[in-house]
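Participant: Numbering (our numbering), first residue to last: 64 to 321.
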Amino acid sequence: MVRPEMPGRLPGEPDPHLYLSGVTVSFDGFRALNSLSLIIEKGELRTIIGPNGAGKTTMMDVITGKTRPDQGEVFYDGDHDLSKLDEATIANLGIGRKFQRPTVFENLTVYENLELAVKADRSTFATLRGLVTGEMRDTIDRLFETIGLSDRRHELAGALSHGQKQWLEIGMLLGQDAQLLLLDEPVAGMTDHETAATAELILRLAQERTLVVVEHDMEFVRNLGAKVTVLHEGSVLAEGSIDQVQANQRVIEVYLGR
Ligand SMILES: Nc1ncnc2c1ncn2[C@@H]1O[C@H](COP(=O)(O)OP(=O)(O)O)[C@@H](O)[C@H]1O
Ligand SMILES: [Mg+2]
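1) In the DSSP assignment, the alpha helix (DSSP H) including residue 207 goes from what residue to what residue?
2) Pull up the CB-CB distance for residue 87 and residue 132, whole angstroms please, since I reckon it's below 8 Å.
3) For residue 157, which of 110, 274, 130 has the nearest alpha-carbon?
4) To the nearest angstrom, how far is the alpha carbon of residue 92 from that of residue 319?
5) Going by DSSP, name the residue or residues bridged to residue 138.
6) The beta strand (DSSP E) spanning residue 93 covers which residue range?
7) Taking the CB atoms as reference points, tell me whether residue 218 and residue 166 lie closer together than 8 Å.
8) Which residues, in chain order, sit with a beta-carbon under 5 Å away from any heavy atom of ligand 1?
9) Output the distance between the C-alpha atoms of residue 238 and residue 202, rounded to the nearest integer angstrom.
10) Applying the 10 Å Cβ sphere with the 16-neighbour rule, what's the burial state of residue 229?
11) Is it right to say residue 138 is buried, meaning 16 or more other beta carbons lie within 10 angstroms of its own, or is it exposed?
12) Could you tell me which uninterrupted beta strand (DSSP E) segments, each at least 3 residues in length, are contained entirely in the stretch 215–257, listed from first to last along the chain?
13) Are at least three pairs of beta-carbons, each pair with one atom in the stretch 264–280 and one in the stretch 299–307, less than 8 Å apart?
14) With residue 287 as the anchor, note down where its alpha helix (DSSP H) starts and where it stops.
15) For a test of your reading of the model: does the CB of residue 247 fall under 7 Å from any non-hydrogen atom of ligand 2? Yes or no.
16) Could you say if the stretch 248–260 and the stretch 92–108 meet the contact criterion of at least three C-beta pairs nearer than 8 Å?
17) Can you give me the C-alpha to C-alpha distance between residue 308 and residue 206, rounded to a whole angstrom?
18) If you follow the alpha helix (DSSP H) that residue 126 is in, where does it begin and where does it stop?
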């Protein structure tokens, strides 16, 4: 695989965790992604902003195998070409995605939701022999430490607030041992308090995982303090710190100044 010259990238630096190269996706001739190239380093927290229709969700669809690119390549963790793999295989490689609407099992307890996620990540063999019960409990306890909600563990997930359901769903991705987390508008519909708590959660997760967070809430994006990529018409319009992109004239024209 030939990588393009990366400005500011020294030889011998670690491989990118995710590398999109010239990805194009067309719907009836309309280019939702237009030769999109993007590199996410291992352990990086990246925020993605951009106007509605910029292609942010389509980008996540391509990474997770939901949509196949017409052109381009999507490399994960070395040489896995995600554009050739199906959704289940990609999930098993350690890529977890949170959609905008929470998708927890409302009729199960909070604990049972996490248990299902952790079980799904264990080998059937080990689960059948009952060898991992104690280990699984420890894992779930650690998940509760990360996402909170410990005091709600025996309530039905359906009784949680919108924000709490989002945290539970993030916990389920962690339970499946996702190493690259894709969060699509995680704080949409959250209260200010929940939004602040979500920023703290994401910053905790970022200490151990790679995260790509799509969000419109600029205060939230600023609080994450991460590198920002601005998507527009299916490709990268600008990239840099929040201060840099907010001062970028093109970004102001197409997005911030609306
Ligand atoms: N399955 C689809 N069929 C047709 N058009 C689509 C489909 N998915 C997305 N699009 C179009 O692609 C463009 C990018 O959409 P999307 O990725 O959802 O943008 P964003 O998440 O940045 O708001 C939009 O114009 C949208 O209407
Ligand atoms: Mg979207």
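All C-beta atoms in this analysis are idealised placements derived from N, C-alpha and C, irrespective of residue type, glycine included.
Facilitator: Result, derived from the coordinates:
1) 196–210
2) 6 Å
3) 274
4) 28 Å
5) 82, 144
6) 93–104
7) no
8) 90, 95, 115, 116, 117, 118, 119, 120, 121
9) Rounded to whole angstroms, residue 238 and residue 202 show a C-alpha spacing of 8 Å.
10) Flag for residue 229 reads buried.
11) Looking at its Cβ environment, which holds 16 or more other Cβ atoms inside 10 Å, residue 138 is buried.
12) 243–247
13) No, the stretch 264–280 does not touch the stretch 299–307.
14) Residue 287 -> alpha helix (DSSP H) spans 281–287.
15) yes
16) Short answer: they don't touch.
17) If I take the Cα positions, the gap works out to 34 Å.
18) Residues 119–126.
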